[in-house]
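In this note's numbering, the protein residues as written are 441 to 828. Heads up, the beta-carbon is just placed ideally off N, CA and C, and yes, glycines get one too.
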Ligand SMILES: [Zn+2]
């Protein structure tokens, strides 16, 4: 044992962290199966409760799982504090774990949801428990929020996230650290606004051979609208409009003029102004062909997370801690949304991407880097302690 570790103080132990993460990953939690997510949330509730946290369980609805809120047992509850944001759900359906069990190859540890974001969620728990073990506390009150539906847009948790953010001075989001254009292990300081639309064209059906001229082909109309929609993309301004799903016609019945066709559209914009502009343009779409009616449903579902002065100051504080620990903490902005969009849009300085490092979110090569477990836990702990 070297001189630094002669004390009996418990240390942040990467092997112990990985064991804990593995236990969470081995409970499969597809967003769409609320009962499955509740299976994990019961374990997390027990772990936080054993470490002295005050627990609030918010019942899920619409088939989604419960959400959990934990409060560290110190600080003045009426003072604005730190909100640590995590999600328990993953994009992986039941059975994925059977095909791809948790496996370590050198520094990489593979597993469904291990990187996005059970690894980071577990670091939040571990950092809290480590503070408790050391008998230390943060200067500000701290709450930990674990939601069940982030991967499908946080429809049932958004209100809860925003209600908690209203009482927060800072938000720390445990989504994974990112690699971007040669920069490794970045945190996230900006995210685009994300929106969804369903555009449906209604026409008139007809027999394709007998009276084609009486038909009004909804698919033909939609094809023309798709080009209008996709042309709203403006890479120079950071705006993308993507038609990702189209449905129309009955397979096998090419002899029918289809009377209905719809497209699912995803759009991303760097700020609130451009998001409103794109939403207004989509809502203003006009039929191109005769006797066509357009139905347009949707809008912005995650507001933009912009890098304002509060975000920059919070990032600088985290980067200084990282430098003190001996590593750089580059920052990146991304088009992918997270629950950090909600907290940041409320004006709460938000730092995201504080979770584990690795790669392959939503992909079959999803993995975390074992070497990131100790430093990322230390970083979070010291950041929470330093915020005032
Ligand atoms: Zn995530």
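- With a cutoff of 9 Å on beta-carbon distance, residue 746 and residue 611 are scored as not near each other.
- Of the heavy atoms belonging to ligand 1, at least one sits nearer than 8 Å to the Cβ of residue 616.
- Remark: the C-beta of residue 806 is outside contact range of ligand 1, defined as less than 8 Å to any heavy atom.
- Relative to the non-hydrogen atoms of ligand 1, the Cβ of residue 527 comes within a distance shorter than 8 Å of at least one.
- Contact between residue 531 and residue 591 holds: CB atoms are separated by about 5 Å, below the 8 Å threshold.
- Within 8 Å of the C-beta of residue 801 there is at least one heavy atom belonging to ligand 1.
- Listed in chain order, the alpha helix (DSSP H) runs fully inside the region 519 to 603 are 536 to 539 and 559 to 574, counting runs of at least 4 residues.
- Residue environment for residue 495: exposed (fewer than 16 other C-beta atoms within 10 angstroms of its C-beta).
- Per DSSP, residue 736 is one residue of the beta strand (DSSP E) stretching across 733 to 742.
- Listed as beta-bridge partners of residue 471 by DSSP are no residues whatsoever.
- In this structure residue 786 does not touch residue 578 by the C-beta definition: roughly 21 Å separates them, more than the 8 Å allowed.
- Assignment of beta strand (DSSP E) within the region 679 to 724, counting only whole runs of 3 or more residues, yields 680 to 688 and 700 to 709 in chain order.
- Between residue 504 and residue 472, the gap from beta carbon to beta carbon is short of 9 Å.
- Contact between residue 554 and residue 806 holds, with the beta-carbon distance rounding to 6 Å and staying under 8 Å.
- In this structure, the straight-line span from the alpha carbon of residue 474 to that of residue 588 is close to 8 Å.
- In the structure shown, residue 507 adopts extended strand secondary structure according to DSSP, grouped into three states.
- A direct Cα-Cα distance of roughly 44 Å separates residue 736 from residue 463.
- In this structure, the C-beta of residue 778 approaches ligand 1 to less than 8 Å from one of its heavy atoms.
- Here residue 646 has 654, 655 and 697 as same chain residues with Cβ atoms under 6 Å from its own Cβ, once five neighbours each way along the sequence are excluded.
- If you ignore the 5 residues before and after residue 750, its C-beta comes within less than 6 Å of the C-beta of 789, all in its own chain and listed in chain order.
- With at least 16 other beta carbons inside 10 angstroms of its own, residue 468 counts as buried.
- Burial of residue 722 is indicated by the presence of at least 16 other C-beta atoms within 10 angstroms of its C-beta.
- With a minimum length of 3 residues, the unbroken runs of beta strand (DSSP E) contained wholly in the region 731 to 808 fall at 733 to 742 and 771 to 774.
- In this structure, residue 793 and residue 627 form a Cβ contact; the two beta carbons are roughly 4 Å apart against a cut-off of 8 Å.
- Bridge partners of residue 479 according to DSSP: none are assigned.
- As DSSP reads the structure, residue 827 sits in no beta bridge.
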